[in-house]
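Notes follow once the structure below has been shown.
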Amino acid sequence: MKGLIFVELMNFLDEQLGDAITEKVVEAASLPNDAAFTSVGNYPSHYAADLVTAAARMTGADAALMCEDFGRFIFQRFQTRFPHLLSRYTSARELLEHVQGHIHEEVKVIYPDASPPQVETHSDIEGYTVTYRSGRGFAHIAYGLVAQCISFYSEQSDVTWKPGSTATQACFIIRPRKGIYPL
């Protein structure tokens, strides 16, 4: 997994928990690199899970909700780091439709060894659906990213988990809020 995600995870933990608690989380996670991440490095994805698990255990927070909050946080960081990318799209739907074919392809150009998750979109009777697939099992982070994407574009929609979703394969259904009709 790309180091940029780990750097942002550490920023998130610092912001949410404070430096002192984050240091204790790192100790509890027992990572071989003591969380000395660089944005250009590659690290095993389980390091992120180990950090979140340790943070949840230490704070009593729900690990899944913490991952969703991290997804929201990292989208906000993408707003700062990659505004040119987000400005290409006029809506959450338009951006989400281009994650797989455009955004993840750009990631692979910059980081040829990257293996981003599979993200597909389609409309059906249930609403607009985003499907996430990855062996890393970070669907809760993806959910937070989708939710923050909707917020970024100031859309009046809600995102919910489709029943049967798992950490490695999940579907998120986006629907207009009641009383609001899609354009």
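The sequence shown begins at 1320 in my numbering and counts up by one.
All residues carry an ideal CB built from backbone N, CA and C; glycine is no exception.
{"query": "Spatially closest choice to Leu1414 from Glu1439, Tyr1362 and Pro1435, by CA coordinates", "result": "Glu1439"}
{"query": "Cβ pair Ile1492, Thr1448 closer than 8 angstroms", "result": "yes"}
{"query": "Between the CA atoms of Gly1456 and Ala1486 - distance to the nearest angstrom", "result": "4 angstroms"}
{"query": "Own chain, CB closer than 8 angstroms to Leu1384, minus 5 neighbours either side, in chain order", "result": "His1459"}
{"query": "Complete runs of the alpha helix (DSSP H) confined to the segment 1405-1473 [at least 4 residues]", "result": "1411-1416, 1423-1429 and 1458-1471"}
{"query": "Proximity to Gly1454 [Cα-Cα], best of His1365, Trp1480 and Glu1387", "result": "His1365"}
{"query": "Close Cβ partners of Val1344 (< 8 angstroms) along its chain, the five nearest in sequence each way excluded", "result": "Leu1332, Leu1336, Leu1370, Ala1373, Ala1374 and Met1377"}
{"query": "For Thr1485, the first and last residue of its enclosing alpha helix (DSSP H)", "result": "That residue, Thr1485, is in no alpha helix (DSSP H); it is neither H nor E in DSSP."}
{"query": "Asn1352 and Gly1322 closer than 8 angstroms at C-beta", "result": "no"}
{"query": "Segments assigned beta strand (DSSP E), at least 3 residues, entirely inside the segment 1354-1385", "result": "none"}
{"query": "Alpha-carbon to alpha-carbon, Glu1474 and Ala1466", "result": "10 angstroms"}
{"query": "Other residues of its chain near Ile1324: CB distance less than 6 angstroms, five sequence neighbours each side excluded", "result": "none"}
{"query": "Which listed residue (Pro1482, Ile1422 and Glu1327) has its alpha carbon closest to that of Arg1391", "result": "Glu1327"}
{"query": "Other residues of its chain near Asp1388: CB distance less than 8 angstroms, five sequence neighbours each side excluded", "result": "Phe1331, Gln1335 and Gly1463"}
{"query": "Residue span of the alpha helix (DSSP H) that contains Phe1325, given as start and end", "result": "Gly1322 to Leu1336"}
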